[in-house]
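Enquirer: Just so we're aligned, residue 1 is where the sequence shown starts under the UniProt record's numbering, counting upward by one.
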Amino acid sequence: MIRLNQITKTYESKEGIKTVALRDVSLTIEAKGLTFIVGKSGSGKTTLLNLIGGLDQTFLGELTILDKSTQSFKTSDYDTYRNTMVGFIFQEYNLLDGLNVFDNIGFALELQGLKKDSKIIKEVLEEVGLEGFQNRYPNELSVGQKQRVAIARALVKKPKVILADEPSSALDSETSNQIFALLKKISQKHLVLVVSHDEEYAKCYADRILTLKDGSLIKDEVIEAKETTVSDGLETYHPIKSHMPFYVSFKLGLSALIKKPFKVFLSVILTSFALMLFAFSDHLSTYDKQEAFTYATKAKNDVYFGTLKHETPLNGSRNRVLMNDEDYHTLFNQHQDIHFYPVETYQNENYYLIDHYKQESDLSEHLESDQYHTHLLRGYLKIDDAIMNDYEYSLAIGRLPSKPTEMAISLYTASHF
């Protein structure tokens with residue numbers, strides 16, 4: 001039924017250190033019987049089991065199941081192989097806490113695209129000695145009962161091979177004997193492969209014992225008095241693709257939400273916080289101060305901007321220089337539809353601003369720095385009734401200046417004194 005031909009499995013660490021888990025293993029396993037795989041820790045027992053079960057897919061050599069070689073298998077083919085041929089009994093049971101015993105077992109049928117058949121599930125429960133337990137949840141079961149449910153879940157899909165990884169590791173001796181006796185009974189109709197570190201159980205229940213050491217098969221012992229294996233005959237491989245119905249996924253998610261609301265709530269909070277932090281970081285990284293200034297100006301319907309003059313010497317530095325009357329006339333001739341007004345300094349320095357400059361601080365000038373506002377009053381604008389009308393200014397207090405020693409300031413500027 002299963003043939004391994006010169007199987008070698010090597011693991012490589014991040015540091016490049018290679019470890020040989022299986023070394024040139026060749027054997028044939030018949031269609032029925034209870035076969036134990038024994039050996040010390042690190043001998044390659046679990047690696048061999050995972051390889052036969054399709055959980056480990058990278059190796060040298062050839063694995064053949066029912067005359068079907070896995071050399072051409074893709075990942076999806078291995079999924080189908082596990083769903084069709086293999087029933088797993090895990091060391092930690094891997095029961096779904098949110099489902100009762102009936103649904104845990106029925107879940108294996110649904111993965112094969114079948115409906116949960118009450119009759120079949122009850123028959124399997126009776127076979128493992130758990131009749132009447134179908135409505136119990138995993139937290140209401142003993143460890144031995146959980147192991148029996150795991151066996152029932154493996155049996156219900158009618159696999160060709162049942163793989164058990166240390167099924168007695170968490171059980172007392174009495175319960176362990178019960179589990180192995182059950183597996184022995186099951187092996188009359190199925191091939192059962194058991195990984196165990198306890199050779200006493202192997203000698204008591206096994207039909208065949210495979211002993212590994214340092215990745216090599218050093219002993220293959222058939223217990224003649226308990227021989228029950230038969231030829232797999234003319235059986236062929238008929239794959240059944242895995243199928244997870246949407247309502248099953250939804251039910252599992254809803255069950256987890258009901259059973260562990262605090263954990264789900266905490267996960268939602270942490271995920272939301274992480275997304276907000278990411279969005280904030282992304283916003284900061286894409287911030288453009290010129291774009292922000294343009295957007296704000298457009299939103300306020302402002303149409304005033306400052307114009308500056310710069311010189312770039314041969315050394316590559318960029319220096320701002322004062323504008324003179326010639327510069328003013330050049331701007332006026334190039335843009336006759338725009339009004340230019342000089343902003344004078346106390347040192348007779350000049351800057352010229354495009355029409356409708358309504359505030360005392362040149363915001364567009366400060367786009368060249370990281371400042372959001374100016375902290376200096378640099379210059380003044382000669383004002384008269386015409387400019388007041390152009391800028392839509394109105395007097396809040398007092399009168400317009402009439403002497404060189406007088407000036408008018410905005411309420412915004414006054415609020416800073």
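Just so it is clear, CB atoms sit at the ideal spot from N, CA and C, and this is done for glycine as well. Model, not experiment: these values are computed from the prediction.
Which residue comes first and which comes last in the beta strand (DSSP E) that contains K219?
Expert: Run containing K219: 216–222, per the beta strand (DSSP E) assignment.
Enquirer: Quick one: what's Q188 bridged to in DSSP?
Expert: In the DSSP output, where bridge partners are listed per residue, Q188 has none listed.
Enquirer: Cα separation between H283 and K289?
Expert: 12 angstroms
Enquirer: Name the DSSP beta bridge partners of S69, please?
Expert: T64
Enquirer: In the structure shown, what three-state DSSP assignment does L411 receive?
Expert: It is helical.
Enquirer: Out of V38, V101, K74, state which residue places its alpha-carbon closest to the alpha-carbon of V128.
Expert: Closest by alpha carbon: V101.
Enquirer: Ignore the nearest five residues each way along the sequence and tell me which others in E227's own chain have a CB closer than 7 angstroms to its CB.
Expert: Here E227 scores only 49 on pLDDT, less than 50, and its place in the model is too uncertain to base an answer on.
Enquirer: With DSSP collapsed to three states, give me the class of residue 418.
Expert: For the chain, the structure presents residues 1 to 417; residue 418 sits outside this window and is missing.
Enquirer: So if DSSP puts R208 in a beta bridge, which residue, or which two residues, is it bridged to?
Expert: T35, V222
Enquirer: Rounding to the nearest angstrom, what Cα-Cα distance links V161 and I179 in this structure?
Expert: 17 angstroms
Enquirer: In whole angstroms, give me the CA-to-CA distance for R23 and T8.
Expert: 5 angstroms
Enquirer: Here's the rule I'm using: 16 or more other beta-carbon atoms within 10 Å means buried, otherwise exposed. How should I89 be labelled?
Expert: By the 10 Å Cβ count, I89 comes out buried.
Enquirer: Should the region 92–110 be called in touch with the region 33–49, which here means at least 3 C-beta pairs below 8 angstroms?
Expert: Counting C-beta pairs with one atom in each stretch, the region 92–110 and the region 33–49 have fewer than three that are closer than 8 angstroms, which means they do not touch.
Enquirer: If you follow the alpha helix (DSSP H) that R148 is part of, which residue opens it and which one closes it?
Expert: 143–156
Enquirer: Would you kindly work out how many angstroms separate the C-alpha atoms of R153 and V124, rounded to a whole number?
Expert: 8 angstroms
Enquirer: For E368, collect the residues of the same chain with a Cβ closer than 6 angstroms to its Cβ; drop the 5 residues on either side in sequence, then sort them by chain order.
Expert: Its pLDDT being 48, under 50, E368 is placed unreliably in this model, and the coordinates cannot settle the point.
Enquirer: Take the Cβ of D67 as the centre, count every other Cβ of all protein chains shown within 10 Å, and call the residue buried at 16 or more, exposed below.
Expert: A residue is called buried once 16 or more other Cβ atoms fall within 10 Å of its Cβ, and D67, having fewer, is exposed.
Enquirer: Three-state secondary structure (DSSP) at N319?
Expert: Residue state, collapsed to three classes: strand.
Enquirer: What residues match up with D165 in a beta bridge as DSSP calls it?
Expert: V195
Enquirer: Can you tell me the Cβ-Cβ gap for V343 and Y391, rounded? I've got them flagged as a contact below 8 angstroms.
Expert: Actually they do not touch by this definition, with Cβ atoms about 13 angstroms apart.
Enquirer: Which two residues bound the contiguous alpha helix (DSSP H) that contains I269?
Expert: 261–285
Enquirer: Can you tell me the Cβ-Cβ gap for Y201 and S169, rounded? I've got them flagged as a contact below 8 angstroms.
Expert: So it is not a contact: roughly 11 angstroms between Cβ atoms.
Enquirer: For R3, list the residues DSSP reports as bridge partners.
Expert: T28, T64
Enquirer: Taking the alpha carbon of K32 as the point to measure from, which residue in L314, Q188, L322, H329 has its own alpha carbon closest?
Expert: Q188
Enquirer: State the start and end residues of the unbroken alpha helix (DSSP H) segment that holds T106.
Expert: It is Gly, not Thr, that sits at residue 106 in the sequence shown. Element bounds for G106: 101–111.
Enquirer: With the cut-off set at 9 angstroms, would you say residue 421 and N104 are in Cβ contact?
Expert: Nothing can be reported for residue 421, as the shown portion of the chain is limited to 1 through 417.
Enquirer: Using beta-carbon positions only, say whether V25 and S196 come within less than 9 angstroms of one another.
Expert: no
Enquirer: To which residues does DSSP link G87 through a beta bridge?
Expert: Among the bridge pairs identified by DSSP, G87 is matched with I162.
Enquirer: Consult DSSP for P342 and reduce its assignment to one of helix, strand or coil.
Expert: strand
Enquirer: Find the nearest neighbour of L155 within the set L182, L141, I387, judged by alpha-carbon distance.
Expert: L182
Enquirer: If we count the other Cβ atoms within 10 Å of its Cβ and call it buried at 16 or more, is H190 buried or exposed?
Expert: Taking all protein chains shown into account, H190 has 16 or more neighbouring C-beta atoms within 10 Å of its C-beta and is therefore buried.
Enquirer: Quick one: measure Cβ to Cβ for N50 and D97, integer angstroms, because I've assumed they're closer than 8 angstroms.
Expert: Not confirmed; about 25 angstroms, so no contact.
Enquirer: To which residues does DSSP link V20 through a beta bridge?
Expert: T10
Enquirer: Which word fits D117, buried or exposed, when buried means at least 16 other C-beta atoms lie within 10 angstroms of its C-beta?
Expert: By the neighbour-count rule (16 or more Cβ atoms within 10 Å), D117 is not buried but exposed.
Enquirer: Thinking just about the alpha-carbon of each residue, which of L395, T84, S415 is nearest to the one in E110?
Expert: T84
Enquirer: Here's the rule: buried if 16 or more other CB atoms are within 10 angstroms of the residue's CB, otherwise exposed. What is K164?
Expert: Correcting the residue identity first, residue 164 is Ala in this sequence and not Lys. Its Cβ being crowded by 16 or more others within 10 Å, A164 is buried.
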